[in-house]
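Let me begin by presenting the structure, written as structure tokens, before commenting on it.
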Amino acid sequence: MRQKTVFIGLSGGVDSAVSVALLKKEGYEVVGVFIKTWHPDFLSCNEEEERRDAMRVAAHLNIPFLTFDFEDVYKKEVADYMISEYKKGRTPNPDVMCNKEVKFGAFLKKALAMGADFVATGHYAEISQIRNVFSLKKSPDPSKDQSYFLWTLTQEQLAHILFPIGHFKKTEVRKLAKKFALPVAEKKDSQGICFLGDIDLKDFLRHYIKTKRGKVLNTEGKEIGHHEGAVFNTLGERHGFTITEKNPNDGPYYVIGKDVKKNVLIVSQEKKVLSEGTDIFLQKNSSFSARRPPKVLHKAPFSLVFKNTNWISKSYPLEAKSYVCQIRYHGEFLPCKIKAEGSKRSRRTQVIFNEPVLVAAGQSCVIFDGNICLGGGVVV
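This is the structure in structure tokens:
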């Protein structure tokens, strides 16, 4: 029987390196692929260093090594998309788009065209198959689980994807790296958005979006500070604005609403406050009238709508059943129910909560049934 061929995204990190060793141990023919992405000219880039580490891993494990240049795809589908969304006052997730358009879009397509049976990555998530239906499951390591970023995957893609370390915890992966004597065994994990390096996201965005000073209001409509542009702030943040009217004993203030058109932020020391008239809680980004100060409401049922719905199994979840959802990476799992909005072909879904939830347009809302990721969409 012919050995199955796997093209693995070899990043130069420990997770993909251990994945190669495990795949070889299972008898696969493995080809290491370093994926070249875009980075802005004004930032220093460690891409060549990462590529050298990937080559060292490939040489150590005696596998072929290739480089795929997806700079144009990454620039258009990830970086430009992110900048465009922030300009509109939304909060996108570039990691979701990178997985969708690059790793399991361009990379998967090219690998299959070159004769691969599968592509593999060092993601912390599991794929299971019952009969002919694939499921995406959480990693047993909650601190590393990446299923939130993978809600766009389809049955056709999952049939050609392997996550070799998906059932391991990070501590176990580190031990395996030492066991296999990998040259990157002691290498630290990368953090943040890959093309930013150590730069703050807002500093990056300021190269593409002009700053514009605006007012910071409390929930009573009183001006208590200023900011440098409402588009740079997202709901739930406690940084990125200045409070000038503050008592020494005051705790942190959180962004609970914003009006991008008027360039105004609403902040509160209560993170889950709902404000009457603040349509941001309906994810519309245009909100209150400063002439009618927002009033704090009691907790009540709350819902959001997301678009671009993708259900991984292709089956629409039961509307009477209770699920949980995440609206940000490493965010809490919130009890919810779902229902189609309009026709199911419209690919819009309503998510209904028991309590108010602070969520910004553009974020990914991902639905789970136990440890199974059912799919999700983009909050409108």
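Residues 791 to 1170 (our numbering) are what the sequence shown spells out, left to right. Backbone N, C-alpha and C fix where the C-beta goes; we use that ideal spot for every residue, glycine too. As the structure is a prediction and not an experimental result, all values here were calculated from the model.
When the beta-carbon positions are compared, residue 1006 and residue 1015 come within less than 8 Å of each other.
Exclusion of the five residues before and after residue 860 leaves 825, 826, 827, 892, 896, 897 as the residues of its chain whose Cβ lies within less than 8 Å of its Cβ. Excluding sequence positions up to five before and after residue 882, its CB lies within less than 6 Å of the CB of 872, 875, 1152, all in the same chain and listed in chain order. Counting only the Cα atoms, residue 864 lies some 29 Å from residue 958. Taking the Cα positions, residue 966 is about 27 Å away from residue 888.
Within the model, the alpha-carbon separation for residue 947 versus residue 894 is close to 7 Å. Per the C-alpha coordinates, the member of 1043, 922, 927, 920 positioned closest to residue 914 is 927. CA-to-CA, the gap between residue 911 and residue 1041 works out to about 42 Å. Between residue 803 and residue 980, the CB-CB gap stays under 8 Å. Setting aside the 5 residues that flank it on each side, residue 1114 is surrounded in the same chain by 1123, 1124, 1125, 1126, 1158, each with a C-beta closer than 7 Å to its C-beta; the list follows chain order. Between the C-alpha atoms of residue 797 and residue 950 there is a straight-line separation of about 10 Å.
Around the beta carbon of residue 953, 16 or more other beta carbons lie within 10 angstroms, which makes this residue buried. Shown here, residue 853 sits in coil according to DSSP, grouped into three states, outside any helix or strand. For the region 903 to 941, the full-length beta strand (DSSP E) segments reaching 3 residues or more read 908 to 910, 915 to 920, 923 to 928 along the chain. Of the other Cβ atoms in all chains shown, 16 or more fall within 10 Å of the Cβ of residue 800; this residue is therefore buried.
Under the DSSP definition of a beta bridge, residue 1140 partners with 1095, 1129.
Where residue 892 is concerned, there is no enclosing alpha helix (DSSP H), because DSSP gives it neither an H nor an E.
Residue state for residue 1058 is assigned as strand, using DSSP reduced to three classes.
Take the alpha-carbon of residue 833 and the one of residue 844: they are about 22 Å apart. Under DSSP, the beta-bridge partners assigned to residue 1013 are 1007. Collapsing the DSSP output to three states places residue 793 in coil. When only Cα atoms are considered, residue 877 and residue 1118 end up about 20 Å apart. In this structure, the alpha-carbon of residue 917 lies about 35 Å from that of residue 879.
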